[in-house]
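Undergrad: Quick one: structure below, then a few questions.
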Amino acid sequence: MNWEVVIGLEAHVQLSTASKIFSGSPTLFGSAPNTQANAVDMALPGSLPVLNRGAVERAIQFGLAIGADVSPRSIFARKNYFYPDLPKNYQISQFEIPVVLGGSLSFSVDGQPTTINLTRAHLEEDAGKSLHDNFPGPHGEASTGIDLNRSGTPLLEIVSEPEMRSAAQAVAYARALHNLVVWLGICDGNMQEGSFRIDANVSVRPLGQKEFGTRTETKNVNSFRFLERAILFEVQRQIEVIEDGGKVIQETRLYDSDRDETRSMRSKEDAHDYRYFPDPDLPPLIISPEWVAEVQANMPELPQQLSERFAQTYGLTEVDTLQICHNRETAAYFEVVVSKLPTNQGKLAANWLNGEVLAALNRDNLDIDVCPVKAEQLAALLNRIVDNTLSNKIAREVFAAMWVGESGGEPDSIIEAKGLKQINDSGAIDTMVDGVLAAHPAIVEEYRAGKQKAFNSLVGQVMKVAQGKANPQQVNEALKRRLDC
Amino acid sequence: MTQILNDFPNIASLRSALDSRKISSVELTQTLLNEIAAQTKLNAFVDINTELSLAQAKSADEMIASGSATALTGIPIAHKDIFVTQGWHTTAGSNILKGYKSPFDAHVVEQLLQVGTVSLGKLNCDEFAMGSGNEHSAFGPAHNPWHPKVVPGGSSGGSAAAVAAGLVMAATGTDTGGSVRQPASLCGVSGIKPTYGTVSRFGMIAYASSLDQAGPIARSAHDLMLMLDSMSNFDSRDATSIQTCRGVANQHGRVKQDFTEHDQRFQNLGAKPFAGLRIGVPEEYFGPGLDNGVAKAVEAAIAQFEALGAQRVSISLPHTRLSIPAYYVIAPAEASSNLARYDAIRYGHRTEQYTDLTDMTARSRSEGFGAEVQRRIMVGTYVLSHGYYDAYYLQAQRIRRLIAEDYQAVLGPQCDVILGPVNPTVAPPMGKTDQSPTAEWLADIYTLSLNLAGLPGMSIPCGFAPGFDGSSLPVGLQLIGNYFEEGQLLALAHHFQNTTDWHAQRPKHSEKGAV
Amino acid sequence: MAINASNTARIAKLARLHLSPEAQQLAQAELNQIFDLIAELQAVDTTGIVPLAHPLSMIEEVALRLRDDAVTAPGSAAERKRLMQNAPGQHEGLFLVPKVLE
Numbered sequence: 000m001n002w003e004v005v006i007g008l009e010a011h012v013q014l015s016t017a018s019k020i021f022s023g024s025p026t027l028f029g030s031a032p033n034t035q036a037n038a039v040d041m042a043l044p045g046s047l048p049v050l051n052r053g054a055v056e057r058a059i060q061f062g063l064a065i066g067a068d069v070s071p072r073s074i075f076a077r078k079n080y081f082y083p084d085l086p087k088n089y090q091i092s093q094f095e096i097p098v099v100l101g102g103s104l105s106f107s108v109d110g111q112p113t114t115i116n117l118t119r120a121h122l123e124e125d126a127g128k129s130l131h132d133n134f135p136g137p138h139g140e141a142s143t144g145i146d147l148n149r150s151g152t153p154l155l156e157i158v159s160e161p162e163m164r165s166a167a168q169a170v171a172y173a174r175a176l177h178n179l180v181v182w183l184g185i186c187d188g189n190m191q192e193g194s195f196r197i198d199a200n201v202s203v204r205p206l207g208q209k210e211f212g213t214r215t216e217t218k219n220v221n222s223f224r225f226l227e228r229a230i231l232f233e234v235q236r237q238i239e240v241i242e243d244g245g246k247v248i249q250e251t252r253l254y255d256s257d258r259d260e261t262r263s264m265r266s267k268e269d270a271h272d273y274r275y276f277p278d279p280d281l282p283p284l285i286i287s288p289e290w291v292a293e294v295q296a297n298m299p300e301l302p303q304q305l306s307e308r309f310a311q312t313y314g315l316t317e318v319d320t321l322q323i324c325h326n327r328e329t330a331a332y333f334e335v336v337v338s339k340l341p342t343n344q345g346k347l348a349a350n351w352l353n354g355e356v357l358a359a360l361n362r363d364n365l366d367i368d369v370c371p372v373k374a375e376q377l378a379a380l381l382n383r384i385v386d387n388t389l390s391n392k393i394a395r396e397v398f399a400a401m402w403v404g405e406s407g408g409e410p411d412s413i414i415e416a417k418g419l420k421q422i423n424d425s426g427a428i429d430t431m432v433d434g435v436l437a438a439h440p441a442i443v444e445e446y447r448a449g450k451q452k453a454f455n456s457l458v459g460q461v462m463k464v465a466q467g468k469a470n471p472q473q474v475n476e477a478l479k480r481r482l483d484c
Numbered sequence: 000m001t002q003i004l005n006d007f008p009n010i011a012s013l014r015s016a017l018d019s020r021k022i023s024s025v026e027l028t029q030t031l032l033n034e035i036a037a038q039t040k041l042n043a044f045v046d047i048n049t050e051l052s053l054a055q056a057k058s059a060d061e062m063i064a065s066g067s068a069t070a071l072t073g074i075p076i077a078h079k080d081i082f083v084t085q086g087w088h089t090t091a092g093s094n095i096l097k098g099y100k101s102p103f104d105a106h107v108v109e110q111l112l113q114v115g116t117v118s119l120g121k122l123n124c125d126e127f128a129m130g131s132g133n134e135h136s137a138f139g140p141a142h143n144p145w146h147p148k149v150v151p152g153g154s155s156g157g158s159a160a161a162v163a164a165g166l167v168m169a170a171t172g173t174d175t176g177g178s179v180r181q182p183a184s185l186c187g188v189s190g191i192k193p194t195y196g197t198v199s200r201f202g203m204i205a206y207a208s209s210l211d212q213a214g215p216i217a218r219s220a221h222d223l224m225l226m227l228d229s230m231s232n233f234d235s236r237d238a239t240s241i242q243t244c245r246g247v248a249n250q251h252g253r254v255k256q257d258f259t260e261h262d263q264r265f266q267n268l269g270a271k272p273f274a275g276l277r278i279g280v281p282e283e284y285f286g287p288g289l290d291n292g293v294a295k296a297v298e299a300a301i302a303q304f305e306a307l308g309a310q311r312v313s314i315s316l317p318h319t320r321l322s323i324p325a326y327y328v329i330a331p332a333e334a335s336s337n338l339a340r341y342d343a344i345r346y347g348h349r350t351e352q353y354t355d356l357t358d359m360t361a362r363s364r365s366e367g368f369g370a371e372v373q374r375r376i377m378v379g380t381y382v383l384s385h386g387y388y389d390a391y392y393l394q395a396q397r398i399r400r401l402i403a404e405d406y407q408a409v410l411g412p413q414c415d416v417i418l419g420p421v422n423p424t425v426a427p428p429m430g431k432t433d434q435s436p437t438a439e440w441l442a443d444i445y446t447l448s449l450n451l452a453g454l455p456g457m458s459i460p461c462g463f464a465p466g467f468d469g470s471s472l473p474v475g476l477q478l479i480g481n482y483f484e485e486g487q488l489l490a491l492a493h494h495f496q497n498t499t500d501w502h503a504q505r506p507k508h509s510e511k512g513a514v
Numbered sequence: 000m001a002i003n004a005s006n007t008a009r010i011a012k013l014a015r016l017h018l019s020p021e022a023q024q025l026a027q028a029e030l031n032q033i034f035d036l037i038a039e040l041q042a043v044d045t046t047g048i049v050p051l052a053h054p055l056s057m058i059e060e061v062a063l064r065l066r067d068d069a070v071t072a073p074g075s076a077a078e079r080k081r082l083m084q085n086a087p088g089q090h091e092g093l094f095l096v097p098k099v100l101e
């Protein structure tokens, strides 16, 4: 039996607002329990929700970035169920009319361009946290602790169409979505802290069958690796169930990373009857075309557009731009560098950024926004390659010195201090070449005998004499002239 | 027993006395606290904090002495136990909140404290504002000062009783289906439910969010005006709070200014202040089910309006009857969700014995909530549940629109104000617990549709009619206006009260006290 | 529309109400009476009528007012104490509930 896998992903993205979605409490991570929860977050009698403009703005940005429709009028609804980390015992969410509808995300899977359509994205509030350590209850009983700091943090729930057909595709989609929300600045993307969580809806069906199989939902996966493992396990499990003559039960599951398996969750909500109805405390959210236009005007260029622009303007390849456009800071750095170089030197800048700079950042575990070598400084260095003051090799030496701030980090000062100026004078080079030829007759013989390798050896010897500073091209030419006459 | 507030027919007269130092707020407050203590049988109050009341009185006296007194400074009031208060317990009339101390004050409480009122305590009410007789209270029923064995009305029974008994000059109440207007009517005092969104619901324990609205109860329309003006303004903490309505800003001074303009207009018309005014009288309000005595008193009041120059117009509000099932779908639905938070986790009653979390929550709720509340939660849960939502909840909201449209068809095109009864009978006897759950609900027929439409409505005393045990009990006249027309309603009522004295009648006291 | 015992039990569970067998029977009877009253709604033809969720929308557009993204309630240990003063069970700043198994 050939099976087809059908996957849809729901991402819960914590929005990067300063305050919560319906209250003025802060949204910081890791504070002492319940010190970031006010009367509204604790659902004290008489408390009421008031919507945060920043959350809406970020939803609009997202909608525009994926080419979706931003609803001019959307409704907040109550999703009613009892759970201790849900203080009102209903979650304020959006049901029938969400803030964003449609849209799509394009990315690559193993070099293959792919586009996945999105169903919708809506605003809702996050729940608090349950700590399952055995705290002592009022009668001494083993108790769970409830921390409502997270309760009320704004979430954007992003739902994809069930168009993914492999774990690899699903993970690539999740990564692309993650990149986008971080790029836009609407989410800090910190999966360890729960800023970006994925629920995977997985089902299988015999290849060629039109109807979808029964799906299960694996909730709250917070790493791409676990996402892949969870999907693979779930697919295998479902196939085995069916092949054994059983039926897949529609249920919610959790991924256990210790055992690398998914298991059924004890039901969180009975009977899944959420009794959605429009929240009477919140009138309809109206988003005017003017507001959308304003947000659009302030949107950063998206990675896709930026990639294409760099590729066109500077003749870069997709591989080049993929790295550069990985995040906004790197792209911005690149733009500053190229702006100070002659137009045809984009490739040089790209090579250096993707090479020396990123390697050094990785080695020292730094982000590009605290890079010791500023973009202007790198440009100055690269200009010295362009004008032949330095060879690429020597430039790397200078770069290393800039990195640790020698001579104030300025390339020219370092070149001066270390005497690294490239030797371009043909007379000087001729003299060195003559000296080397005279000193190494055996190698000259080998070259005359036809051994090309001997030529490189001679070049090396000249470079040794020149302490690496001779213009390599000129050395080559000078040697050739002497030898081939 | 003489009562101190008998010397002051209205807030203005008390203001005079306070300003001229004939009496101090502290003296007045102490006297009232004593009177309240002597009238525990009335059961109007459920929490007293002597120290705090006197401290507020002291501050009021200071405001008066420094010349910065407002119209309400030093005036003794009290708050329905639906409003959260830091200085008094808040229970919403329920065992589930026994002992609850709120860490913040309701907007209404803050606003009235700011202008220097003195709060005498928290007032009894039907549990979570669900009821029309104040018999569904965990604290026991409040009594009607007019007769010991009839209900004061509800859910703001304690508020109306306290004002009628002369224990406070005014009280705050809440009106979701008539709970300010009806008890005011049954207790012979005045009450107003303003346009939905006029008074902030921040700090008002929610029953049915799209219907709930706070309103004052007092001895006269002018007193109501003073109270409402201080209670009503835009509050950013309530997303349903009005900023502007029909181009007018929701702020302190609006009601007063509006009232004054209409008042002046009426005054200028001399002997016929209501000349040119069209009074709509709904034919559906005068059918079978309306007690004769009540009908007589209401008709007489309408005749009085006509005598003052108004023109009576017969109108139709065809969907009146449907307001009952519509309300009893929408209100319980919203309530079932609003009351879900009472789960014994962050506050509230927690049961002693339980097997697990679900058991703890369910037992705590069923021990803490009274029968009427549990009944409405069940109904509400049902009408929102899968398969019933469209046929019940959405259907009720569609009918809600039809009801609201009924009013828009007449208010303006056919009449300027609507007059009618508030309750089909005078105060019914207490203790009618054997009737079906819906029997009580049917009496809400004249008040519910106003909450569904969000319109403002008032109740003022307009006479008496025979009641239980040969008594003569108060009858209320309802005035209904269009959105944000509180000023006009109050001015109309004020002029009516200038030419009648129903509102000045006080329940007689026996040697044993009022009840 | 008749409400039976199993409906009643299901609703009670959804609403987290603990009904003894007698209470459940009474609730069932009462619910049926109530639904007889409410049934009147079904008979009304409301085709094309939009539900009225916010009453003031009868005369003007009611739009959700937004607040600026700013921290107005910074929180602290002292504030937490005030807000948690009514908690039936608490431990080191956490609300306590009987153990929940996920």
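Sequences listed follow chains A, B and C, in order. Heads up: the first sequence runs through residues 0 to 484, numbered per numbering that gives the first Met the number 0. Heads up: the second sequence runs through residues 0 to 514, numbered per numbering that gives the first Met the number 0. Heads up: the third sequence runs through residues 0 to 101, numbered per numbering that gives the first Met the number 0. Note that CB positions come from ideal geometry on N, CA and C, so glycine has one too.
Which residue marks the beginning of the beta strand (DSSP E) containing T173 (chain B), and which one marks its end?
TA: First-last of the beta strand (DSSP E) with T173 (chain B): 169 to 173.
Undergrad: Quick one: which residues of the region 64 to 86 of chain C get their C-beta closer than 9 Å to a C-beta of chain A? List them in chain order.
TA: R64, L65, R66, D67, D68, A69, V70, T71, A72, P73, G74, S75, A76, E78, R79, L82, M83, N85
Undergrad: Return no unless some Cβ of chain C is closer than 8 Å to the Cβ of G524 (chain B).
TA: Shown here, chain B extends from 0 to 514; a query on residue 524 (chain B) therefore has no answer.
Undergrad: Near E405 (chain A), what residues of its chain come up, given a Cβ to Cβ distance below 7 Å and the 5 sequence neighbours on each side ignored?
TA: I413
Undergrad: Using the beta-carbon of each residue, which ones in chain A are nearer than 8 Å to V61 (chain C)?
TA: Identification of chain A residues near V61 (chain C) by a Cβ-Cβ cut-off of 8 Å yields P282, P283, ordered along the chain.
Undergrad: In angstroms, rounded to a whole number, what distance separates the CA positions of R253 (chain B) and Q242 (chain B)?
TA: Going from the Cα of R253 (chain B) to the Cα of Q242 (chain B) covers about 12 Å.
Undergrad: For A4 (chain C), would you say it is in contact with chain A, using Cβ-to-Cβ distances shorter than 8 Å as the test?
TA: no
Undergrad: Distance, Cα to Cα, I339 (chain B) vs T380 (chain B)?
TA: Looking at the sequence shown, residue 339 (chain B) is not Ile but Ala. Rounded to whole angstroms, A339 (chain B) to T380 (chain B) spans 10 Å at the Cα level.
Undergrad: Does the region 45 to 60 of chain C come into contact with the region 339 to 350 of chain B, if we say contact requires no fewer than three beta-carbon pairs (one atom in each stretch) closer than 8 Å?
TA: no
Undergrad: Short check: CB of A199 (chain A) to CB of I157 (chain A), under 8 Å?
TA: no
Undergrad: From R364 (chain B) to I376 (chain B), what distance separates their C-alpha atoms?
TA: If you take the alpha carbons of R364 (chain B) and I376 (chain B), they lie about 11 Å apart.
Undergrad: Would you kindly report the start and end of the unbroken beta strand (DSSP E) that includes E123 (chain A)?
TA: 111 to 124
Undergrad: For a test of the three-state rule: what should DSSP assign to T499 (chain B), helix, strand or coil?
TA: coil
Undergrad: Helix, strand or coil for M457 (chain B), going by three-state DSSP, please let me know.
TA: strand
Undergrad: Considering only the alpha carbon of each residue, which of A:R164, A:M41, A:H439, A:E160 lies closest to E3 (chain A)?
TA: A:R164
Undergrad: Taking C-beta pairs closer than 8 Å, name the residues in chain B that L93 (chain C) reaches, listed in chain order.
TA: Within chain B, no residue comes near L93 (chain C); the closest Cβ sits about 11 Å away, beyond 8 Å.
Undergrad: Chain C partners of C244 (chain B), CB-CB under 9 Å?
TA: Residues of chain C passing the Cβ test: L55, I58, E59.
Undergrad: Under 8 Å, Cβ to Cβ, is there at least one residue of chain A near L13 (chain C)?
TA: yes
Undergrad: Give me the chain C residues within the contact set of T16 (chain A), using Cβ-Cβ distance strictly less than 8 Å, ordered along the chain.
TA: Residues of chain C passing the Cβ test: D68.
Undergrad: Of all the options A:D272, A:E56, A:G188, A:P341, which has the alpha carbon lying nearest to the alpha carbon of N326 (chain A)?
TA: Comparing alpha-carbon positions, the option among A:D272, A:E56, A:G188, A:P341 lying closest to N326 (chain A) turns out to be A:G188.
Undergrad: Please determine, among B:D237, B:D358, B:A408, B:V425, the residue with the shortest C-alpha to C-alpha distance to I314 (chain B).
TA: B:A408
Undergrad: Can you pull the chain C residues whose beta carbon is under 7 Å from the beta carbon of R52 (chain A), in chain order?
TA: L65, R66, D67, D68
Undergrad: Tell me which residue opens and which closes the alpha helix (DSSP H) that F61 (chain A) is part of.
TA: 52 to 64
Undergrad: Between the region 436 to 447 of chain A and the region 391 to 411 of chain A, do three or more beta carbon pairs fall short of 8 Å?
TA: no
Undergrad: Just the chain C side, please: which residues come within less than 8 Å of L321 (chain B) by C-beta, in chain order?
TA: Against chain C, the beta carbon of L321 (chain B) has neighbours under 8 Å at E39, L40, V43, listed in chain order.
Undergrad: Grouping DSSP H, G and I as helix and E and B as strand, with all else coil, what is E3 (chain A)?
TA: strand
Undergrad: What does G202 (chain B) reach in chain F if we use C-beta pairs closer than 7 Å?
TA: No chain F is part of this structure, whose protein chains are labelled A, B and C.
Undergrad: Would you decide whether S15 (chain B) is buried or exposed? Buried here means 16 or more other CB atoms lie within 10 Å of its CB.
TA: exposed
Undergrad: Can you find a C-beta in chain C that's less than 8 Å from the C-beta of G367 (chain B)?
TA: no
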